[in-house]
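**Q** In this note's numbering, each residue's number is its place in the sequence shown (first place is 1) plus 1.
Glycine included, every Cβ here is placed at the ideal spot set by N, Cα and C.
Handing you a structure now.
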Amino acid sequence: MDTLWRIDQACFDPQLAYSRTELALYMRRPGSFTLVAEGEGGGVPGNGQGPASILGFIVAEIRRKSGHIITIDVVAEARRAGVGSALLAAAEEQLLRAGAVTVALETPVNNAAAIRFYKQKGYFVEKAVGGYYSNQMDALVMTKELARSVVR
Ligand SMILES: CC(C)(COP(=O)(O)OP(=O)(O)OC[C@H]1O[C@@H](n2cnc3c(N)ncnc32)[C@H](O)[C@@H]1OP(=O)(O)O)[C@@H](O)C(=O)NCCC(=O)NCCS
Numbered sequence: 002m003d004t005l006w007r008i009d010q011a012c013f014d015p016q017l018a019y020s021r022t023e024l025a026l027y028m029r030r031p032g033s034f035t036l037v038a039e040g041e042g043g044g045v046p047g048n049g050q051g052p053a054s055i056l057g058f059i060v061a062e063i064r065r066k067s068g069h070i071i072t073i074d075v076v077a078e079a080r081r082a083g084v085g086s087a088l089l090a091a092a093e094e095q096l097l098r099a100g101a102v103t104v105a106l107e108t109p110v111n112n113a114a115a116i117r118f119y120k121q122k123g124y125f126v127e128k129a130v131g132g133y134y135s136n137q138m139d140a141l142v143m144t145k146e147l148a149r150s151v152v153r
C-alpha cells in the first residue's frame with residue numbers, strides 16, 4: 002500500500018495525487034480491485050520477498066454493469082514498454098468477467114500522454130467536466146464498450 006501510494010505521488014501533481022487515505026478508500030471500496038505489475042528491476046522495490054519490483058498498478062471497480070478505472074500509474078522509468086497496456090488489458094478482462102459492458106474513466110484535460118494512451122486502447126471522449134479536480138482542473142470522461150472490443 003505504501004509503495005503504491007508513493008508511486009501515485011510521483012505520477013501526479015500534488016493537487017491531483019491521492020492522499021494515503023483516499024487511495025486506501027478507493028482500493029477497499031466494494032467492487033474495487035487492484036492489479037500490480039512486477040518486473041525484475043527498474044521500479045520501486047517491493048516487499049523484499051524476491052527480486053520483483055513494482056512497475057505500476059491499476060485500481061478499478063465495477064458497479065452493476067459499469068466498470069470504472071480509478072487510477073493507472075506506471076513508474077516513469079518503466080513507461081512506453083507496455084506495462085500500462087498490460088495493466089489496462091488485465092483490468093478490462095476482470096471487469097468483463099464480472100459482468101461490465103462499458104468502462105469509464107476521468108483524466109485531466111492537460112494529460113496528453115494519458116489521453117493518447119486511452120485513445121490507443123479504444124476509449125472515446127464522452128464529455129468534459131469543468132473543475133473536476135479540486136475545482137481547479139477540468140477532466141475528460143472517456144468511455145469504451147467492453148463487450149464489443151474484448152470478446153473475440
Ligand atoms: C498513461 C500511462 C499509464 C501509460 O503507461 P505506459 O506503460 O507508458 O503505456 P504503454 O507503454 O503500454 O503504451 C501503450 C501506447 O499508449 C500510447 N502512449 C503511452 N504513453 C504515451 C505518451 N507519453 N505519449 C504518446 N502516446 C503514448 C502509445 O500509443 C503507446 O504505444 P507505443 O509506445 O508503441 O507508441 C503512463 O504514462 C503513466 O503512468 N502516466 C502517469 C500517470 C497517469 O497519467 N495516469 C493516467 C491517469 S488518468
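Pick out whichever of 117, 63 and 113 has its Cα sitting closest to the Cα of residue 30.
**A** As a working mapping, residue 30 is identified with position 29 in the sequence shown. Out of 117, 63 and 113, 63 has the C-alpha closest to the C-alpha of residue 30.
**Q** Please classify residue 141: is it buried, with 16 or more other beta-carbons within 10 angstroms of its beta-carbon, or exposed?
**A** In the sequence shown, counting from the first residue as 1, residue 141 sits at position 140. It counts as buried.
**Q** Under 7 Å: does the beta carbon of residue 145 sit that close to some heavy atom of ligand 3?
**A** For the structure depicted, ligand 3 is absent and the ligand set comprises only ligand 1.
**Q** Rounding to the nearest angstrom, what Cα-Cα distance links residue 111 and residue 139 in this structure?
**A** The count along the sequence shown starts at 1 and reaches residue 111 at position 110. The count along the sequence shown starts at 1 and reaches residue 139 at position 138. Those two C-alpha atoms are separated by around 8 Å.
**Q** CA-CA distance, residue 108 and residue 9?
**A** As a first step, residue 108 is located in the sequence shown; it is residue number 107 there, counting from the start. As a first step, residue 9 is located in the sequence shown; it is residue number 8 there, counting from the start. Roughly 14 Å between the two C-alpha positions.
**Q** Could you tell me if residue 101 is buried or exposed, where buried requires 16 or more neighbouring beta carbons within 10 angstroms of its beta carbon?
**A** Reading the sequence shown from its first residue, position 100 is the one you call residue 101. Its Cβ being crowded by 16 or more others within 10 Å, residue 101 is buried.
**Q** Nearest by alpha-carbon distance to residue 143: which of 56, 119, 67 and 132 is it?
**A** As a first step, residue 143 is located in the sequence shown; it is residue number 142 there, counting from the start. Ranking the options by Cα distance to residue 143, first place goes to 119.
**Q** My guess is that residue 34 and residue 53 are in contact by the Cβ rule of under 8 Å, so how many angstroms apart are they, rounded?
**A** In the sequence shown, the residue the question calls residue 34 occupies position 33. In the sequence shown, the residue the question calls residue 53 occupies position 52. 19 Å between Cβ atoms; not a contact.
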